[in-house]
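My numbering puts the first residue of the sequence shown at 119, with every later residue one more than the last. Here a beta-carbon is modelled for each residue, glycine too, at the ideal position from N, C-alpha and C. Please read these numbers as outputs of a predicted model, since none were measured by experiment. I have placed the structure first, in the form of structure tokens, so that the comments after it can refer back to it.
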Amino acid sequence: MDQQTEKPAKCRPEKEKMDALARLSSKVAHDLNNVLGAIEGYATLAMGPLRAEDPLKQDLQEIRTAVAKAAGFNRQLLVFSGRQMLNRKPTSVNEIIGELLKKEAGSPAVNIKFEASLQPDLPGIIADQDYLSQAISALLANARAAMPEGGTVAVVSSLLRIEGKEAGSPKPEEAGTEFIKISIKDTGVGISAADLEHLFEPAYLTQGRKRGAGLGGLAMVYGVVKQHNGWVEAISAPGRGSEFLVFIPAANGKAA
């Protein structure tokens with residue numbers, strides 16, 4: 119089938135598979151953290167008695183730099199597994215999106231246009247603002263990476279009512295029926311149906327997808343949204359762009 123005529127496919131991560139991957143990621147991250155801590159500690163001790171001009175000291179500093187980079191990847195595994203501590207408080211989704219789009223407006227991205235349609239007076243959510251901002255930022259970065267020749271990113275927020283099996287909350291009994299929906303849609307290269315099945319798995323951190331570095335961050339997006347008792351979906355086809363949908367339970371009342 120021609121890429122331009124392939125029907126867009128929809129992906130909602132399969133709960134059982136993702137839960138198993140989360141448990142494995144948590145175990146790997148815990149063990150790796152212990153190893154990295156030991157390497158960092160020994161490298162630091164070895165640097166102590168060395169003179170500043172000693173070339174060995176620079177080599178040891180390179181080891182510490184590599185450890186810090188590996189620790190960053192390890193934190194992504196922890197976020198995916200849902201083991202990070204959250205600082206939850208009343209939060210406005212529109213304010214988070216607004217701040218991120220201000221940063222995008224000042225970025226050097228060539229021929230990429232950002233359009234926003236944010237529903238006014240949205241109820242607030244109870245969320246960790248920093249982590250949620252990182253998740254939305256990763257989706258914006260993913261959209262940029264999908265459009266090397268330029269294009270448009272449309273960001274939409276809205277309130278909707280979802281009941282029963284349509285909701286994908288990990289704990290539906292606590293989520294209620296009102297959700298804030300965030301849509302981030304690009305006009306980029308799109309994603310095949312086969313790739314959509316694995317889109318939010320941490321393995322994509324290291325597979326070097328053509329879509330760009332932002333794709334690896336999708337495992338982090340999944341973990342953050344899940345820990346907020348929400349879920350994420352993707353709709354795409356090769357050559358037809360992609361749309362990522364984030365659903366997070368609305369709080370009672372509005373964010374300050």
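Query                                                                                                               : Result
Val211 and Ile353 closer than 7 Å at C-beta                                                                         : no
Residue environment, Thr305, which counts as buried when at least 16 other CB atoms sit within 10 Å                 : buried
Length of the line joining the Cα atoms of Arg327 and Val146                                                        : Caution is warranted here: a pLDDT of 43 is assigned to Arg327, below 50, making its placement in the model unreliable, and no coordinate value can be reported.
Environment of Asn260 [buried if 16+ CB atoms lie within 10 Å]                                                      : buried
Distance between Glu319 and Ala337 (C-alpha atoms, nearest Å)                                                       : 5 Å
Gln194 burial status per 10 Å Cβ neighbour count (16 or more: buried)                                               : buried
Where Ser235 falls: helix, strand or coil (DSSP)                                                                    : strand
Cβ-based neighbour list, Arg130, same chain, cut-off 7 Å, excluding 5 preceding and 5 following                     : Gly286, Trp349 and Glu351
Close beta carbons around Tyr249, own chain, < 6 Å, minus the five adjacent residues each side                      : Val342
C-beta contact flag for Asn192 and Leu139 at 7 Å                                                                    : no
In chain order, each alpha helix (DSSP H) run of at least 4 residues that lies wholly inside the segment 256 to 317 : 290 to 293 and 311 to 314
Proximity of Arg206 and Ile244 at Cβ, strictly below 7 Å                                                            : yes
At least three beta-carbon pairs within less than 8 Å, the segment 267 to 285 to the segment 230 to 238             : yes
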